[in-house]
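Quick notes on the structure that follows.
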Amino acid sequence: MELFAVFEEACEKVRQAGQKIRHADPKDGMKEKEGAFNFVTKYDTMVQEFLIRELGALLPEAGFVGEEGDCKKEKLSEGYVFIIDPIDGTTNFICGFPCSAISVALAVQGEVQFGIVYNPFREELFSAFRGKGAFLNGKRLTLSETKLEDGVACMDISPYNFELRDQAMEMAKKISYHCMDLRDIGSAALSICYIAAGRCNAYYSLKLCVWDYAAAALVLEEAGGRILKKDGERLRLETGVAVLAGAKGVLEKVLEVLGE
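Quick note on the working numbering: the sequence shown kicks off at 48 and runs consecutively.
Encoded structure:
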């Protein structure tokens with residue numbers, strides 16, 4: 048199957064997966080994983096298993112890297128690899144806060160070729176195919192150049208990593224003097240996609256895994272934005288890495304502010 052056709056079919060599979068959580072009881076089968084306040088529900092596992100089965104049928108030669116279970120060992124630099132976060136924003140899901148997303152990216156020889164981020168509670172599907180642009184429910188997204196002070200900055204206060212929280216809060220304090228306001232919406236994938244949609248103009252996190260950002264990063268890049276490591280270097284498919292996302296001018300300002 049042609050890769051763009053795989054992308055189109057994958058969008059439909061992600062929508063189908065979204066229906067499995069849209070009307071679910073999030074506290075059913077809830078348990079804690081490693082780390083403080085790091086939760087998983089039976090729906091995380093259910094959605095990941097569904098996507099592995101359905102996407103595997105579309106592209107049988109592909110491997111998988113996913114957040115749940117023993118699905119983290121595939122080499123991202125070789126062949127076709129689907130990168131899955133079945134519910135990005137599980138705490139939001141558990142608490143009934145409608146800001147969670149299913150995230151799917153396909154990497155080919157270490158480079159993401161398409162990304163899909165779907166919030167079933169708002170029925171918003173962000174998608175991008177490399178070289179063909181970024182879209183929200185079929186409407187093209189084009190990022191306008193803006194300034195940090197002209198919008199809201201999103202952040203991650205490191206809820207699972209207490210050793211990083213003080214540093215995250217110090218970063219928040221610095222940035223707060225240079226933007227309209229701060230938000231932690233609890234989903235890295237949606238935060239990054241919201242930059243592409245013009246709802247916020249920057250995002251930072253001190254520690255993300257590849258499934259948190261792989262799909263959303265391509266959406267942002269195809270809309271005209273950038274995602275970097277905290278030191279300003281290009282972000283590749285890495286886990287446990289600090290990231291900054293935004294328009295070029297905004298990122299330059301964020302790096303300047305954090306360096307003060």
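Glycine included, C-beta positions come from ideal geometry on N, C-alpha and C. Just so it is clear, the structure is predicted and the values come from calculations on it, not from any experiment.
Which whole-angstrom value describes the C-beta separation of Leu267 and Ala243, a residue pair presumed to lie in contact below a C-beta threshold of 8 angstroms?
-> Along the sequence shown, read from residue 1 onward, the residue named residue 267 stands at position 220. Along the sequence shown, read from residue 1 onward, the residue named residue 243 stands at position 196. Correct: roughly 5 angstroms between the Cβ atoms.
Below 9 angstroms between beta carbons: does that hold for Ile274 and Leu282?
-> Here residue 274 refers to the residue found at position 227 when the sequence shown is read from its first residue. Here residue 282 refers to the residue found at position 235 when the sequence shown is read from its first residue. With contacts defined by Cβ atoms closer than 9 angstroms, Ile274 and Leu282 form a contacting pair.
Stretch pair the stretch 89 to 105 + the stretch 196 to 206: three plus CB contacts closer than 8 angstroms | Short answer: they don't touch.
Using a Cβ-Cβ cut-off of 7 angstroms (strictly less than) and excluding sequence neighbours within five positions of Met216, which residues of its own chain qualify?
-> Numbered from its first residue, the sequence shown carries residue 216 at position 169. The beta carbon of Met216 lies closer than 7 angstroms to those of Ile204 in the same chain, with the five residues before and after it left out.
What are the boundary residues of the beta strand (DSSP E) that includes Cys201?
-> Translated into the one-based positions of the sequence shown, residue 201 becomes position 154. In the DSSP annotation of this structure, the continuous segment of the beta strand (DSSP E) that includes Cys201 starts and ends at 199 to 202.
Is Gln160 closer than 9 angstroms to Leu50 when the C-beta atoms are compared?
-> On the sequence shown, position 3 is the one that residue 50 refers to. On the sequence shown, position 113 is the one that residue 160 refers to. Yes, they are a contact pair.
Taking one C-beta from the stretch 171 to 179 and one from the stretch 57 to 67 each time, how about it: are there three or more such pairs within less than 8 angstroms?
-> Three or more Cβ pairs drawn from the stretch 171 to 179 and the stretch 57 to 67 lie within less than 8 angstroms of each other, which places the two stretches in contact.
DSSP state of Tyr241 mapped onto helix, strand, coil = Sequence index remark: in the sequence shown, residue 241 carries index 194 (1-based). The answer is helix: DSSP assigns Tyr241 an H, G or I state.
Comparing the C-beta of Asp135 with each C-beta of chain B, is any distance below 9 angstroms?
-> The structure shown contains no chain B, having only a single protein chain.
Assigned secondary structure, Ser174 (DSSP; H/G/I helix, E/B strand, else coil) = Indexing the sequence shown from 1 puts residue 174 at position 127. The three-state secondary structure of Ser174, taken from DSSP, is strand.
Endpoints, beta strand (DSSP E) assigned at Tyr165 | Against the sequence shown, residue 165 aligns to sequence position 118. Tyr165 -> beta strand (DSSP E) spans 158 to 166.
Is any heavy atom in the ligand SAM found nearer than 8 angstroms to the beta carbon of Leu265?
-> Looking for the ligand SAM in the displayed structure turns up nothing, as the structure carries no ligands at all.
Determine the closest residue to Thr286 out of Gly65, Asp231, Gly143, Ile130, with distance taken between C-alpha atoms.
-> Within the sequence shown, residue 286 is the residue found at index 239, counting from 1. The residue with the shortest Cα to Cα distance from Thr286 is Ile130.
Curious, which full-length beta strand (DSSP E) runs of at least 3 residues does the stretch 83 to 138 contain?
-> As far as the stretch 83 to 138 is concerned, its whole beta strand (DSSP E) runs of at least 3 residues are 110 to 113, 127 to 135.
Nearest-angstrom Cα separation, counted from Glu108 out to Gly293 = Position 246 of the sequence shown holds residue 293. Position 61 of the sequence shown holds residue 108. One alpha carbon belongs to Gly293, the other to Glu108, and they sit about 34 angstroms apart.
At what residues does the alpha helix (DSSP H) containing Phe182 begin and finish?
-> Working through the sequence shown from its first residue, we reach residue 182 at position 135. Run containing Phe182: none in the alpha helix (DSSP H); it sits in the beta strand (DSSP E), 181 to 183.
Would you kindly report the start and end of the unbroken beta strand (DSSP E) that includes Asn251?
-> Within the sequence shown, numbered from 1, the residue matching residue 251 stands at position 204. The amino acid occupying residue 251 in the given sequence is Tyr; Asn does not appear at that position. Boundaries of the beta strand (DSSP E) harbouring Tyr251: 249 to 255, taken from the DSSP string.
C-alpha gap between Asp197 and Leu105, whole angstroms = On the sequence shown, residue 197 is found 150 positions in, with the first residue counted as 1. On the sequence shown, residue 105 is found 58 positions in, with the first residue counted as 1. Whole-angstrom Cα-Cα distance: 43 angstroms.
Measure the C-alpha to C-alpha separation of Val164 and Cys226 and round it to an integer number of angstroms.
-> Walking along the sequence shown from the start, residue 164 turns up at place 117. Walking along the sequence shown from the start, residue 226 turns up at place 179. The straight-line gap from Cα to Cα measures roughly 26 angstroms.
Meets three-Cβ-pair contact criterion under 8 angstroms: the stretch 248 to 266 and the stretch 129 to 148 | Note that the stretch 248 to 266 touches the stretch 129 to 148; at least 3 beta-carbon pairs, one per stretch, sit closer than 8 angstroms.
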